[in-house]
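These notes are about the structure you will find just below.
Residue numbers (my numbering): 152 to 324.
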């Protein structure tokens with residue numbers, strides 16, 4: 152489940168209120184910040200209501216923001232609600248499932264995460280800051296632990312381990 156946080160932004164762009172989750176996120180300083188009581192974003196979308204993606208210096212998955220205009224009775228937008236979505240809690244539970252199901256090491260989990268994100272072994276090597284030879288070594292270990300012979304089988308098995316079966320499969324019987 153995604154973590155959510157909420158901020159209320161006033162007519163001049165100042166932060167009027169925030170919930171405790173938003174306060175914690177902003178204290179992290181991982182791509183989002185409030186300075187002089189203003190939320191600093193790369194840009195306010197010209198089309199309010201469109202999602203924004205904010206990259207995180209930590210390398211964790213980006214923040215997803217939804218800026219919703221709040222009308223004051225006229226056609227003027229005077230306030231905005233900014234909802235911050237963080238998929239990390241969900242990703243951490245996925246990694247826990249993979250770790251338990253296949254007894255993966257941290258390095259193997261990082262590679263599995265890269266493959267589940269659709270990256271090639273070469274892209275994963277670059278993203279992880281390791282050589283392609285290291286990635287190939289980890290791939291061989293993953294194949295053995297998961298019981299598959301190729302990358303397609305590996306990704307399929309990893310996806311099945313972290314995604315529940317469809318409702319029709321759960322109800323069949």
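Cβ coordinates follow ideal geometry from the N, Cα and C atoms, glycine included.
Please go through the same chain and pick out, in chain order, the residues whose beta-carbon is closer than 7 Å to the beta-carbon of residue i, but skip the five residues on each side of it.
i	result
residue 259	289, 292, 293
residue 161	167, 230
residue 263	249, 255, 293, 309
residue 323	Any answer about residue 323 is weak, because its pLDDT of 45 lies below 50 and its placement is not dependable; what the coordinates show is given next. Nothing listed; no residue qualifies.
residue 215	202, 204, 236
residue 306	266, 267
residue 232	157, 159, 219, 221
Does the beta-carbon distance from residue i to residue j come in below 8 Å?
i	j	result
residue 252	residue 312	yes
residue 272	residue 281	no
residue 235	residue 155	yes
residue 187	residue 208	no
Check the C-beta distance from residue i over to residue j and give it rounded, since I have them as a contact under 8 Å.
i	j	result
residue 189	residue 164	6 Å
Whose C-beta lies closer than 8 Å to the C-beta of residue i among residues of the same chain, with five residues either side of it excluded?
i	result
residue 274	265
residue 250	260
residue 308	297, 298, 299
residue 192	183, 203, 205, 216
residue 276	282, 283, 285, 286
residue 270	278
residue 213	182, 204, 205, 206, 207
Any idea which residues DSSP pairs residue i with across the strands?
i	result
residue 156	235
residue 191	184
residue 205	214
residue 265	Answer is none; residue 265 lacks a bridge partner.
residue 166	160
residue 221	230
Taking 6 Å as the limit between beta carbons, can you name the residues of its chain near residue i, skipping five residues before and five after?
i	result
residue 169	158
residue 185	166, 177
residue 245	313
*Please determine if the stretch 200-213 and the stretch 164-176 are in contact, where contact requires at least 3 C-beta pairs separated by less than 8 Å.*
no
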